[in-house]
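Chains as they are written, first to last, in the UniProt record's numbering: chain A, 1 to 126; chain B, 1 to 126. See below for the structure under consideration.
There are 2 protein chains.
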Amino acid sequence: MSEPLRPDMFDELCPSSMLPFRFGDKWAALILRCLEEGPRRYSELRVPLRRVTPKVMTRSLRALERDGLVSRTVYEGLPRRVEYGLTPLGRSMLEPLDAACAWAAEHWEELLDAREAYGNGGTPRQ
Amino acid sequence: MSEPLRPDMFDELCPSSMLPFRFGDKWAALILRCLEEGPRRYSELRVPLRRVTPKVMTRSLRALERDGLVSRTVYEGLPRRVEYGLTPLGRSMLEPLDAACAWAAEHWEELLDAREAYGNGGTPRQ
DNA sequence: CAGAATCCAGAAGGATACTG
DNA sequence: CAGTATCCTTCTGGATTCTG
């Protein structure tokens, strides 16, 4: 149904932490992106998000679940299998997220220039 | 040119801190809203944002200025006068902000219901 | 496999008081 | 008027190690 997530999915794109907006916590928007094409297992998500520790990723996922944006399904068996997927509400949030990303793509240079011009050359928030 | 900002501008609307997205820091989006109809003085902004301490508000404004979203103009004289206004870049960001707000307005109930259903009745992040 | 437990550092936000 | 300066608490995210 959906192809495997590329490990470098966020290697280039990842200045997202420099953007002047955030959806959920630091990793939430990236998770939503990963789920766009269908449900994913925990370990699948960990591939492009390998720089996120398991504790933090679980917390992000729980927060998304709490807000009704993501669903969590456990398939018992050995090995265990847990799938995360977008709820209709979660999918609906891709719309404002896309709007924000479009803005970022369009104004990325202006943003960098502004920080450059301000003095300190745009310290990333990490 | 623009009417005074209502002191209660964010009294009702202020569950904004419960939303699953943020533009800039905690107060940035509210500041952008205040500047929508034209430049405002520091003390004008402090009226609807009276619950923000001066230090924090100044830091928010500086961050917005650094990102080129807001301009700061000083008019010397006694008493001093400092005006903040949206730059074209700042105004352009009202678009994704509006998209996010529209989403929130449309799905606010679902969000609350999801938190309610999750267990703990939606602890506000403050 | 899908996490939980513990410990820790830095950032964000706030209270209060003071100033050019 | 438009901020600064200090001090302090909380929140976030991360490193590391361990488990049903």
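Note that the Cβ used here is the ideal one computed from N, Cα and C, for glycine as well. Only a predicted model underlies this, so the values are computations on that prediction, with no experimental measurement involved.
Grab the span of the beta strand (DSSP E) containing residue i for me, first residue to last.
| i | result |
| --- | --- |
| G90/A | No beta strand (DSSP E) holds G90/A; the alpha helix (DSSP H) holding it covers P88 to S92. |
Strictly by DSSP, which residues pair up with residue i?
| i | result |
| --- | --- |
| S71/A | G85/A |
| F21/A | F23/B |
| R40/B | Y84/B |
Using the beta-carbon count (16 or more within 10 Å), is residue i buried or exposed?
| i | result |
| --- | --- |
| V70/B | buried |
| Y84/A | buried |
| A102/B | exposed |
| S43/B | exposed |
| E109/A | exposed |
| D67/B | buried |
| V52/A | buried |
| G38/A | exposed |
| R125/A | The predicted position of R125/A is uncertain, since its pLDDT is 39 and thus under 50; a value taken from the coordinates is nonetheless stated next. Label assigned to R125/A: exposed. |
| F10/B | buried |
| P7/A | exposed |
| G24/A | buried |
| R81/B | exposed |
| P79/B | exposed |
| P48/A | buried |
| R62/B | exposed |
Ends of the alpha helix (DSSP H) at residue i?
| i | result |
| --- | --- |
| M57/B | P54 to R66 |
| L32/B | A28 to C34 |
Can you tell me the Cβ-Cβ gap for residue i and residue j, rounded? I've got them flagged as a contact below 8 Å.
| i | j | result |
| --- | --- | --- |
| L19/A | C34/A | So it is not a contact: roughly 18 Å between Cβ atoms. |
| L32/B | L97/B | 6 Å |
| R72/A | E65/A | 5 Å |
| A99/A | A99/B | 4 Å |
| A29/A | S17/A | Going by Cβ atoms, the distance from A29/A to S17/A rounds to 10 Å, so no, they are not a contact pair. |
| R115/B | R22/A | About 19 Å separates the two Cβ atoms, so there is no contact after all. |
Closer than 9 Å, Cβ to Cβ, to anything on chain B: give me those residues from the stretch 102-113 of chain A, in chain order.
-> A102, W103, A104, E106, H107, E110, L111 and D113
Members of the stretch 74-97 of chain B near chain A, C-beta cut-off 7 Å = L89, S92, M93, E95 and P96
Could you run through the stretch 16-35 of chain B and flag, in chain order, every residue whose CB is less than 8 Å away from some CB of chain A?
-> P20, F21, R22, F23, G24 and A28
With 7 Å as the C-beta to C-beta threshold (strictly closer), list the residues of the stretch 48-64 of chain A near chain B in chain order.
-> none
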